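Be aware that the sequence shown starts at 524, since it is given in our numbering, and climbs by one per residue.
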Amino acid sequence: LGIKSLLCVAGGSMGGMQVLEWTVSHPECVRSAIPIATTWRHSAQQIAFNEVARQAVIADPAWNQGDYYDSEGPRLGLAVGRMVGHITYLSDKGMEAKFGRRLRGKEKYGYDLSIDFEVESYLKHQGSSFVDRFDANSFLYVTKALDYFDLGERFENMTDAFRNAKCPFLVIAFSSDWLYPPYQNKSIAEFVRRAGGDATFCEISSDYGHDAFLLEYEQQASLITAFLERSQRPVHSHA
């Protein structure tokens with residue numbers, strides 16, 4: 524396409540990891556960067572949640588060592604894996620406000636293994652709808668890719684990783700995000716500054732958990748607009 528300069532590389536969650544990789548691997552192309560609700564590498568807890576989700580898929584006999592394309596595949600395992608992951612996208616306060624202990628379609632407990640609570644019904648819906656649009660093997664490898672990502676692995680330290688980054692950063696986090704908590708996002712900005720770079724860190728107050736990066740768009744928009752206006756520089760051609 525002949526595009527040699529990108530005004531901004533922005534993304535949330537796994538997309539935020541890609542933003543960080545762009546700034547380190549192609550610093551000459553990136554004029555500004557906005558990593559949102561992300562991390563520079565997964566912690567033990569983040570890896571643990573992904574592993575539980577993967578094991579749910581692998582334990583489903585229909586996974587068949589990944590060779591299931593002549594059948595429906597591991598729908599039950601994938602649904603449970605998604606349910607596990609989806610819990611990490613929410614927050615305790617948000618779930619309490621949305622569901623609490625409200626019952627689903629009944630006035631008292633069933634005292635059996637059927638669905639009693641609204642939150643149970645919600646998670647089951649999230650799992651069952653996910654299997655219709657996502658491949659189980661893709662799920663396994665995407666979560667592995669998340670776990671393997673470590674921006675500082677090939678550098679002496681994280682400060683060194685950002686030495687070549689030439690662009691300003693706007694790092695956005697959300698107060699109730701416990702999948703990629705604010706301190707992990709803040710550390711990105713701190714590493715950039717230690718490397719001599721320009722980094723702004725903003726924590727948005729929200730009860731939406733990790734999903735806030737998809738839902739709190741108005742607050743993000745004002746931050747991003749101001750950042751782009753400040754960081755935009757005219758490109759002079761030498762042709």
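Think of the CB as a built atom: it goes at the ideal place given N, C-alpha and C, for glycine as much as any other residue. Quantities reported herein were computed from a predicted structural model and do not represent experimental measurements.
Can you have a look at ALA744 and say buried or exposed, based on whether 16 or more other CB atoms are within 10 angstroms of its CB?
-> Counting from one through the sequence shown, the residue named residue 744 turns up at place 221. ALA744 is exposed by the Cβ-count criterion.
Where ARG598 and SER710 are concerned, what is the direct C-alpha to C-alpha distance, given to the nearest angstrom?
-> Along the sequence shown, one-based indexing puts residue 598 at 75. Along the sequence shown, one-based indexing puts residue 710 at 187. Their backbone Cα atoms lie some 38 Å apart in a straight line.
Rounded straight-line distance, which links the Cα of GLU619 to that of ASN708 = One-based indexing of the sequence shown puts residue 708 at position 185. One-based indexing of the sequence shown puts residue 619 at position 96. If you take the alpha carbons of ASN708 and GLU619, they lie about 25 Å apart.
As assigned by DSSP and simplified to three states, the class of GLY628 | Start at 1 with the first residue of the sequence shown, and residue 628 comes out as number 105. In this structure, GLY628 counts as coil in the three-state DSSP scheme.
Contact check, VAL642 vs ALA602, beta carbons under 8 Å | Numbered from its first residue, the sequence shown carries residue 642 at position 119. Numbered from its first residue, the sequence shown carries residue 602 at position 79. Not closer than 8 Å, so no.
Using a Cβ-Cβ cut-off of 7 Å (strictly less than) and excluding sequence neighbours within five positions of ASP583, which residues of its own chain qualify?
-> Looking up residue 583 in the sequence shown gives position 60. These residues qualify, in order along the chain: PRO597, LEU599, GLY600.
Taking ALA576 and THR666 to be in contact with their CB atoms under 8 Å, please state how far apart those CB atoms are, rounded to whole angstroms.
-> What you label residue 576 is simply residue 53 of the sequence shown in a count that begins at 1. What you label residue 666 is simply residue 143 of the sequence shown in a count that begins at 1. Going by Cβ atoms, the distance from ALA576 to THR666 rounds to 6 Å, so yes, they are a contact pair.
With a threshold of 16 other CB atoms inside 10 Å of the CB of ILE727, please say whether the residue is buried or exposed.
-> By one-based count along the sequence shown, residue 727 stands at place 204. By the 10 Å Cβ count, ILE727 comes out buried.
Put GLY633 into one of helix, strand or coil per three-state DSSP.
-> Within the sequence shown, numbered from 1, the residue matching residue 633 stands at position 110. The answer is coil: DSSP assigns GLY633 none of H, G, I, E or B.
Among the residues of its own chain, which have a CB less than 6 Å from the CB of GLY539, if the five just before and after it don't count?
-> Locating residue 539 in the sequence shown gives position 16, counting from the first residue. Hits under 6 Å: PRO558, ILE559, THR561.
Less than 8 Å separating the beta-carbons of ARG669 and TYR612?
-> Taking the sequence shown and counting its residues from 1, the one referred to as residue 669 is at position 146. Taking the sequence shown and counting its residues from 1, the one referred to as residue 612 is at position 89. A small correction: the amino acid at residue 669 is Leu; Arg does not occupy that position in the sequence shown. Taking 8 Å as the Cβ cut-off, LEU669 and TYR612 do not qualify as a contacting pair.
CA nearest to the CA of PHE672, picked from ILE581, GLU544, ALA579, ASP734 = Start at 1 with the first residue of the sequence shown, and residue 672 comes out as number 149. The shortest C-alpha separation from PHE672 is found at GLU544.
For ARG605: DSSP bridge partner residues = Taking the first residue of the sequence shown as position 1, residue 605 is located at position 82. For ARG605, which the question treats as bridged, DSSP gives no partner whatsoever.
Relative to the alpha-carbon of GLY720, which residue among GLU595, GLY617, THR546, CYS531 has its alpha-carbon at the smallest distance?
-> Here residue 720 refers to the residue found at position 197 of the sequence shown. Among GLU595, GLY617, THR546, CYS531, the Cα nearest to that of GLY720 belongs to THR546.
Answer with buried or exposed for GLY633, where buried requires no fewer than 16 other C-beta atoms within 10 angstroms of its C-beta.
-> Residue 633 sits at position 110 when you count from the first residue of the sequence shown. Classification for GLY633: exposed.
Inter-stretch contact (C-beta, 8 Å, three-pair minimum) for the segment 730-748 and the segment 525-537 = Yes, the segment 730-748 touches the segment 525-537.
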